[in-house]
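Please read the structure below before turning to the comments.
Protein chains: 2
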Amino acid sequence: MAVTLRSADPDFETRFTAFLATKREVSADVEAVVRDIIARVRAGGDKALIDYTLRFDKADLGSLGIAVSRADIEAAYAAADPETVEALKFARDRIRSHHQRQLPKDDRYTDPLGVELGSRWTAVEAVGLYVPGGTASYPSSVLMNAVPAKVAGVERIVMVVPASGGIISPLVLVAADLAGVSEIYRIGGAQAVAALAYGTETIRPVAKIVGPGNAYVAAAKRQVFGTVGIDMIAGPSEVLVIADGKNDPDWIAADLLAQAEHDASAQSILITDNAAFAAAVEAAVQRQLATLPRAETAAASWRDFGAVILVGDLEDALPLADRIAAEHLELAVDDPEAYLARLRNAGSVFLGRHTPEAIGDYVAGSNHVLPTARSARFSSGLSVLDFVKRMSLLKLGPDQLRQLAPAAIALATAEGLDAHGRSVSIRLNM
Amino acid sequence: MAVTLRSADPDFETRFTAFLATKREVSADVEAVVRDIIARVRAGGDKALIDYTLRFDKADLGSLGIAVSRADIEAAYAAADPETVEALKFARDRIRSHHQRQLPKDDRYTDPLGVELGSRWTAVEAVGLYVPGGTASYPSSVLMNAVPAKVAGVERIVMVVPASGGIISPLVLVAADLAGVSEIYRIGGAQAVAALAYGTETIRPVAKIVGPGNAYVAAAKRQVFGTVGIDMIAGPSEVLVIADGKNDPDWIAADLLAQAEHDASAQSILITDNAAFAAAVEAAVQRQLATLPRAETAAASWRDFGAVILVGDLEDALPLADRIAAEHLELAVDDPEAYLARLRNAGSVFLGRHTPEAIGDYVAGSNHVLPTARSARFSSGLSVLDFVKRMSLLKLGPDQLRQLAPAAIALATAEGLDAHGRSVSIRLNM
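Line by line, the protein sequences give chains A and B. Reminder that position 367 of the first sequence reads as 367 in our numbering, one-by-one numbering, no gaps. Reminder that position 376 of the second sequence reads as 1376 in our numbering, one-by-one numbering, no gaps.
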């Protein structure tokens, strides 16, 4: 059973603040180990990758090869369930259509003084995509990371995925191929991040690394940041459902459990104004758990991090939702647009009773890589913007320089930067 | 004298690669000290801020107050040179006009299946702006950081600036006021970053922290990242000038020195196809150094990190420029647009012979906070986008859910996430 907080209780603010501050992950201290792995890959190149992979993944890349071949990919198509491959194509197409709308536009204009200004966007030249192995090796995540990079125009999309015992999920390879990944390597962990950042004999370095991973991967990404760009560090997943009493408790319970089954550290929160409905949802959660393959994980998540928040008026949920800044926010109410208009912080918002969050995980077209752990207060989900960057442009002629010069020289002088002022005045014989 | 590399030399690639890898900053190991300061500010609040400020800045905030008052700001206006205040207003207005063009547009549409998708942008609710003290306390940087936040619609823009001996530059206070900063506190260092991230009795926490600082500030920003957002970690400044032999050597020398005077770790690079011109620029650099107040700094930067690269054809400069990925790139050539069209990586590009980089530092309107240390390969200069974030939106009715359900359920099943599938199927009585 999840914890219950009531907004009417006198200690609600204290309890809610403590709830917000709850840490759901123990961050293992792997800094030193990771630092060593990165140094060894930089020094040893392919040989270090082969050694680490034998040790950590029990796979012999000396015989398998570091790179996945075209034949490997064809074999993966042959091994995959055709219906699932079709579903991946359907998802890929929808993700592509949606993300094409995110391509930023160049801007070039001349201001009233005749100064030309502008912004020009270009794609990052090469991107590394980390894909976890084992049960967290999700083909849908491959699409969500690779398709926006492809839409952005990234020329090299380089995927790394550990091959435990030599095996990579066929669907992961198929998803990579469908998404337009250009190179795939059978490596994982901090050693794979090091290879992407610094290169080896086989792997040319990339400019940015994205994708989720375990504590070693996250630490490695932090350590190579600066040499390459990185995406956000993903925490455990979470959903906040704001629901009135008119919902079917079973539907809402299913949504809470869909989040909880991800991970024992996942978090599902229900805010409602109806105590009887809340009790019915809790009962439905317990009932549905009985038939869920991942019941143990989901039950632990719901017990340890789940919460039901009872408010007097459902509109009181909105300021709480902004403070929670959930990765996923469902608005299971009659007029979700009215709620949306008053919201500021959420990664993705699912409007109305027929928009379960899981649709967004797979086939809606929107991205499922979203800010966790309250970071929606200051960041956004993955998009095409993560794979492009902007040059600012400036062009003056002699007349424009003459008009801007006095203020520029005044400020350079005030800041004690005389050479700055001189680089302007010397062009005007001032 | 700067180092010279010749693209025709057989060891050019080796030397250029080594040049790219040159570290210009020694990163002091201040992690442990910073961790302690942050913990003490979290525990001690205002009292810890007052203690640290007395110790590090020799200022008694117990009597001065932590917060800068309206009267302090009025006194700063009275103390400032009126011409410089006018120059700041001129710069502020131009920065505002340019950045207003960067405001992203919401997107809402219905796809052919009737699925509603969208993106909705909202401002970060509160932003902290770190401003260094001493000689690096630049009013222009206050404008460059605060104006885009204001344009984005950030409600609380909270500035911190250390008051060494109790003193803050009047122009910094004036710039903050002109830019629309809403709160100013007399604190600096890791303690200021901790106060912004976690709050104290006097200072409410913010959601994102931006602005340059020393090694302690940079380490503190890294440590609080996650609790709040941060901007990029700024390295020493740099300029790359691509110039043909038709330029006045004195103009180009002035531009190289304008960068070099910032910091002994700054870097100025000239690429040209004309050896006689290169020699003339070097002679001009030496001549101009003689009359430069910051000659010692500029000479050290030019000697230790400056470079002249001689290429056979000036077009050969372009792939080198993409690898250097300079913060500032000047194209002092007849047809800069033709060069621009073939470039991918640079923070800001200054087109033509009458666009010295220093104009962009102050009054052009574009932002002077730009990616350093080759990070223009994967990141962009500061903009309005750094102060907004996007919610993705999704809305389905029963018909749309029915159409998307089979693919979603197939993928959920393939990934072993049965509760995901159930949250879809339960709404369809499947």
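Idealized CB from N, CA, C, for every residue including glycine. Note that the structure is a prediction, hence the values are computed from the model and not measured.
Could you give the distance in angstroms between the alpha-carbon of residue i and the alpha-carbon of residue j?
i: A/V308; j: A/K23; result: 18 Å
i: A/A405; j: A/I50; result: 59 Å
i: B/I1073; j: B/I1167; result: 12 Å
i: A/N429; j: B/P1132; result: 34 Å
i: A/S265; j: B/A1326; result: 42 Å
i: A/A207; j: A/I242; result: 40 Å
i: B/L1393; j: A/A321; result: 16 Å
i: B/A1358; j: B/E1031; result: 34 Å
i: A/A253; j: B/G1397; result: 19 Å
i: B/E1025; j: B/A1300; result: 14 Å
i: A/P356; j: B/A1419; result: 11 Å
i: A/N274; j: B/A1234; result: 51 Å
Does the CB of residue i have a neighbour CB from chain B at under 9 Å?
i: A/T22; result: no
i: A/P319; result: no
i: A/R96; result: no
i: A/I203; result: no
i: A/Y138; result: yes
i: A/D81; result: yes
i: A/F277; result: no
i: A/K208; result: yes
i: A/Q288; result: yes
Measuring alpha carbon to alpha carbon, tell me which of the options ends up nearest residue i.
i: B/R1427; options: A/T372, A/H354, A/N367, A/Q400; result: A/H354
i: A/L178; options: A/R156, A/A146, A/G189, A/D231; result: A/A146
i: A/F19; options: A/I157, A/I269, A/V34, A/G44; result: A/I269
i: B/D1335; options: B/F1350, B/E1327, B/N1345, B/A1326; result: B/F1350
i: B/A1075; options: B/Q1288, B/S1169, B/A1283, B/G1180; result: B/S1169
i: B/N1367; options: B/D1093, B/L1257, B/D1029; result: B/D1093
i: A/S423; options: B/E1013, B/P1249, B/T1014, B/A1002; result: B/P1249
i: A/F387; options: A/L411, A/Y362, A/L103; result: A/L103
i: A/H328; options: A/L143, A/R303, A/Q267, A/E13; result: A/Q267
i: A/V210; options: A/V228, A/Y130, A/I409, A/Y216; result: A/Y130
i: A/L117; options: A/Q400, A/R6, A/F378, A/D418; result: A/Q400
i: B/Q972; options: B/I1203, B/R1204, B/A1197, B/N1247; result: The requested residue 972 of chain B does not occur in the structure, where chain B is confined to residues 1001 to 1430.
i: B/W1121; options: A/R377, A/E415, A/G416; result: A/R377
Do residue i and residue j have their CB atoms nearer than 9 Å?
i: A/Y77; j: A/V85; result: yes
i: B/P1162; j: B/G1188; result: yes
i: A/A195; j: A/V41; result: yes
i: A/K395; j: B/P1371; result: no
i: A/L257; j: A/V285; result: yes
i: B/Q986; j: B/V1151; result: With chain B represented from 1001 up to 1430, any question about residue 986 of chain B goes unanswered, as that position is not in the structure.
i: A/R294; j: A/E261; result: yes
i: A/S379; j: A/M232; result: yes
i: B/S1007; j: B/V1311; result: yes
i: A/V127; j: A/V172; result: no
i: B/Q1403; j: B/L1113; result: yes
i: B/T1202; j: B/D1046; result: yes
i: A/D304; j: A/F277; result: no
If we define contact as Cβ-Cβ less than 9 Å, is residue i a contact residue for chain A?
i: B/F1019; result: no
i: B/F1016; result: no
i: B/N1345; result: yes
i: B/L1352; result: It should be noted that the sequence gives Gly, not Leu, for residue 1352 of chain B. B/G1352 counts as touching chain A.
i: B/G1229; result: yes
i: B/I1269; result: no
i: B/N1214; result: no
i: B/G1360; result: yes
i: B/T1272; result: no
i: B/S1164; result: no
i: B/G1226; result: yes
i: B/T1122; result: yes
Which residues in chain C have a C-beta closer than 9 Å to the C-beta of residue i? List them in chain order.
i: B/S1348; result: Any reference to chain C falls outside this structure, whose protein chains are A and B.
(Q) Residues of the segment 1294-1311 of chain B in Cβ contact with chain A at a cutoff of 8 Å, in chain order, please. (A) Among the residues of the segment 1294-1311 of chain B, those with a Cβ less than 8 Å away from any Cβ of chain A are R1294, A1298, in the order of the chain.
Q: Pull out every residue of the segment 1247-1266 of chain B whose Cβ sits closer than 7 Å to any Cβ of chain A, in chain order.
A: Look at the segment 1247-1266 of chain B: the residues with a C-beta under 7 Å from a C-beta of chain A are D1250, W1251, A1254, D1255, L1257, A1258, E1261.
Q. Got a sec: which bits of the segment 380-396 of chain A sit with their beta carbon under 8 Å from any beta carbon on chain B, in order along the chain?
A. Per Cβ criterion, the list reads S380, G381, S383, L385, K389, R390, M391, S392, L393, L394, K395, L396.
Q: Give, in chain order, every residue of the segment 398-411 of chain A whose Cβ lies closer than 7 Å to some Cβ of chain B.
A: Considering only beta carbons, the part of the segment 398-411 of chain A lying closer than 7 Å to chain B consists of P398, L401, L404, A407, A408, A410, L411, in chain order.
Q | Residues from the segment 412-426 of chain A in contact with chain B, defined by Cβ distance under 9 Å | A | If the cut-off is 9 Å between Cβ atoms, the segment 412-426 of chain A has A412, T413, A414, E415, G416, L417, D418, A419, H420, G421, R422, S423, V424, S425, I426 near chain B.
(Q) To be precise: take each residue of the segment 124-148 of chain A, compare its Cβ to all Cβ atoms of chain B, and keep it if any distance is under 8 Å. Which residues remain? (A) If the cut-off is 8 Å between Cβ atoms, the segment 124-148 of chain A has V124, E125, T135, Y138, P139, S140 near chain B.
Q | Residues from the segment 364-377 of chain A in contact with chain B, defined by Cβ distance under 9 Å | A | Closer than 9 Å at the C-beta level to chain B, one finds these residues of the segment 364-377 of chain A: A364, G365, S366, N367, L370, P371, A373, R374, S375, A376, R377.
**Q.** Contact list for the segment 1098-1112 of chain B against chain A, Cβ threshold 8 Å
**A.** Taking 8 Å as the Cβ-Cβ cut-off against chain A, the residues of the segment 1098-1112 of chain B that qualify are H1098, R1101, Q1102, D1107, Y1109, D1111.
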